[in-house]
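Trainee:
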Amino acid sequence: MSYLLKQASVVTLDPPAIEPADLRIEAGRVVERGTNLDANEGDEVLDLPGKLILPGLVCAHTHLYSALARGMPTPPRTPSNFKEILELVWWRLDRALDEETIYWSAIAGALDAARAGATCLFDHHASPSHILGSLNIVREAIEEVGLRAVLCYEVTDRGGTQEREKGLDENLALLSWVRDAQAQESATAPTLVRGMVGAHASFTLSDESLDYCAELMKVFDAGLHIHVAEDRWDVLDARSRYKLGVVERLAKHDALNGRTILAHGTHLSDEDIQIARSAGVWFAHNPRSNMNNQVGYAPVAKFGNRIVLGTDGIGADMFEEAHCAFFKTRDAKVSLGADDWLRVLANNQRLASEAFGSDLRGLRARSTADLIVLDYQSPTPLTDENLAWHLVFGMSSASVESVMVNGRFVIRNRQYAVDDQTLYARARVASEKLWSRLRTF
Ligand SMILES: [Zn+2]
């Protein structure tokens, strides 16, 4: 199947550029970019006058397992701090997940992500009552909706050694699956899934567990995906039990590399930030989650140019996350502006490009065809120079009209390729089951 997308303006984020251009899409790639391209035999032509085409947005840190948490029963008592938020809310929810509800969480999360224009998700999964095989279930759900994802399982000692071992095995199984799938894939049907080594957070990981994670990273040349210093608790724990900073501890265990994602970093010391930056990691900032959990504001201006944006499970609307990131910097009088947040969204695409070894941010000839079509009507001119201001004050996921991943429409003219009505209905049934199980934990 080949498409010719005509008469739209093609937007790239870094450097900001808007250019009228036609795109010919074939076999998952942009094969030609130019003006007034003629249709080849077999091209399906889509006329898109006045529309914008952007490279697909990427969420650098999320938890699809929390997609059925929306409106769930309140915890037995109101959490009074971050540790209690984990214990009373998230660690009860993830333990209540079974085979069926893992699948429907991932389906619901992926449907929402697609509608918001997110084509690639870096997911951090936990389901301690059903660990082995869980990433396979998440993968199948992602494939059903048609998105691209980088998966991992959160290794942790919070449930004891047996659960820790299963968590490690699950990462190993996924990374092995990806390696085999890549060896067998064809150019026209590549696998849209990659793996990382997942780990919950320093305060729930023993030295031994960190060593095992580091070993997996080495064997598979993979990055670590871990929460760091989300709350002060993580920092105090590393300091009191190990006499180390959180990142210093990861470095000591050889668990940092240039593919690593450190989520939050809210309470990182300058020394820890320096160690992380020297290792070339990515810092995933999640402003809405940080505000919601009242854990404080990350020192984003100190993260250098390796910042990416995540949602931490609050959907995957990267327009909304970028808006909040921008307004938070304004409120806190931090010296990052609209241009910086546009660049951060481009960093997300760079992160995904590195993970998949293909260009997911350029929409040039030979780029991978992950793109979104926006019906963005502005009362003011849109230019290369003011694109960032349109991002923070105008653009939103409500403008997303079509979503393409690897040359295939996931959403076309606001219609999903899958039967979304049925899938949402089945997700609602699964959520009721999940919520009733939750009451027993
Ligand atoms: Zn998280």
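Each residue of the sequence shown is one higher than the one before, counting from 4 in this note's numbering. Think of the CB as a built atom: it goes at the ideal place given N, C-alpha and C, for glycine as much as any other residue. Predicted model, so just to flag it, every value in this text is computed and none were measured.
I'd like the span of the alpha helix (DSSP H) that includes E146, first residue to last.
Mentor: Unbroken alpha helix (DSSP H) run through E146: S137 to V148.
Trainee: Per the DSSP calculation, K9 is bridged to which residue(s)?
Mentor: Beta-bridge pairing links K9 to D50.
Trainee: Per DSSP, what kind of secondary structure is V347 in: helix, strand or coil?
Mentor: The answer is helix: DSSP assigns V347 an H, G or I state.
Trainee: Sorted by chain position, which residues of the same chain lie with C-beta nearer than 7 Å to S381's C-beta, five sequence neighbours on each side aside?
Mentor: The residues are H393 and G397.
Trainee: Under 6 Å from any heavy atom of ligand 1, by CB: list those residues in chain order, please.
Mentor: Matched residues: H64, H66, H127, H230, A266 and D315.
Trainee: Please report the residue range of the beta strand (DSSP E) in which C62 lies.
Mentor: Counting along the chain, the beta strand (DSSP E) containing C62 begins and ends at L60 to T65.
Trainee: Between which two residues does the alpha helix (DSSP H) containing C216 stretch?
Mentor: That run of the alpha helix (DSSP H) goes D210 to F223.
Trainee: If we count the other Cβ atoms within 10 Å of its Cβ and call it buried at 16 or more, is G74 buried or exposed?
Mentor: It counts as exposed.
Trainee: Excluding the 5 residues preceding and the 5 following S400 in the sequence, name in chain order all residues of the same chain whose CB lies nearer than 6 Å to its CB.
Mentor: Cβ neighbours of S400 beyond the five flanking positions: A119, G120, D320 and F322.
Trainee: Compare the C-alpha of N174 against each of G163, Y156 and F329 and name the closest.
Mentor: Among G163, Y156 and F329, the Cα nearest to that of N174 is on Y156.
Trainee: Terminal residues of the continuous alpha helix (DSSP H) containing I317?
Mentor: No alpha helix (DSSP H) contains I317, which DSSP labels as neither H nor E.
Trainee: From L150 to D334, what distance separates their C-alpha atoms?
Mentor: Spanning the two alpha carbons is a distance of roughly 34 Å.
Trainee: Would you call the region 368 to 375 in contact with the region 44 to 57, where contact means no fewer than 3 C-beta pairs closer than 8 Å?
Mentor: Touching, yes, given that three or more Cβ pairs across the two stretches are closer than 8 Å.
Trainee: Mind checking M407: buried by the 16 CB within 10 Å criterion, or exposed?
Mentor: With 16 or more other Cβ atoms within 10 Å, it is buried.
Trainee: Can you find the residues in the same chain that come closer than 6 Å, C-beta to C-beta, to Q10, ignoring five residues on each side of it along the sequence?
Mentor: Excluding sequence neighbours, Q10 sits near D50, L51 and P52.
Trainee: Is the beta carbon of H66 less than 7 Å from the beta carbon of H127?
Mentor: Yes, these two residues count as a Cβ contact at 7 Å.
Trainee: For G248 versus D214, is the C-beta distance shorter than 7 Å?
Mentor: Cβ atoms of G248 and D214: not closer than 7 Å.
Trainee: Three-state secondary structure (DSSP) at V250?
Mentor: The answer is helix: DSSP assigns V250 an H, G or I state.
Trainee: Within the continuous alpha helix (DSSP H) that includes T164, where are the two ends?
Mentor: Run containing T164: T164 to Q187, per the alpha helix (DSSP H) assignment.
Trainee: What does the alpha-carbon distance come out to for the pair R262 and I145?
Mentor: Cα to Cα, the separation comes out at about 22 Å.
Trainee: Verify whether the separation of the beta carbon atoms of I310 and V347 is less than 7 Å.
Mentor: It is a contact, given that the beta carbons lie within the stated cut-off.
Trainee: Note down the Cα distance separating Q165 from L135, rounded to an integer number of angstroms.
Mentor: Going from the Cα of Q165 to the Cα of L135 covers about 12 Å.
Trainee: When the Cα atoms are used, what is the spatial distance from G37 to W180?
Mentor: Going from the Cα of G37 to the Cα of W180 covers about 38 Å.
Trainee: According to DSSP, simplified to helix, strand and coil, what is R411?
Mentor: Strand, per DSSP.
Trainee: Taking 7 Å as the threshold (C-beta atoms), are A241 and S205 in contact?
Mentor: Against a cut-off of 7 Å, the Cβ pair of A241 and S205 comes out as a contact.
Trainee: Answer with buried or exposed for D183, where buried requires no fewer than 16 other C-beta atoms within 10 angstroms of its C-beta.
Mentor: Exposed, by the Cβ-count rule.
Trainee: Determine which residues share a DSSP beta bridge with W285 and list them.
Mentor: DSSP, once it has assigned bridges, lists I264 as partnering W285.
Trainee: Do T269 and H203 count as a contact pair if the criterion is CB distance below 7 Å?
Mentor: No, the pair does not count as a contact, with Cβ atoms beyond the cut-off.
Trainee: Check H393 in the structure and name its three-state DSSP category.
Mentor: Three-state result, H393: helix.
Trainee: Cα-Cα, which of L259, E251 and K221 is closest to H228?
Mentor: When only C-alpha atoms are compared, the closest one is L259.
Trainee: Run through the DSSP bridge pairs and tell me what C123 is partnered with.
Mentor: According to DSSP, C123 bridges with V61 and R151.
Trainee: Assuming A99 and L138 make a contact with CB atoms under 8 Å, what is their CB distance in whole Å?
Mentor: That belief does not hold up - the Cβ atoms of A99 and L138 are roughly 18 Å apart, past 8 Å.
Trainee: Apart from the five residues just before and just after E102, which ones in its own chain have a Cβ nearer than 7 Å to its Cβ?
Mentor: Counting only Cβ-Cβ distances below 7 Å, and skipping sequence neighbours, we find H133 and I140.
Trainee: So is Q352 buried or exposed if we call it buried at 16+ other beta carbons inside 10 Å?
Mentor: It is buried - the Cβ of Q352 has at least 16 other Cβ atoms within 10 Å.
Trainee: Once the 5 residues before and after R142 are set aside, which same chain residues still bring their CB inside 7 Å of it?
Mentor: Around R142: L154 and V196.
Trainee: Just verifying my parser: in three-state terms, what is the DSSP assignment at E102?
Mentor: If DSSP states are grouped into helix, strand and coil, E102 belongs with the helices.
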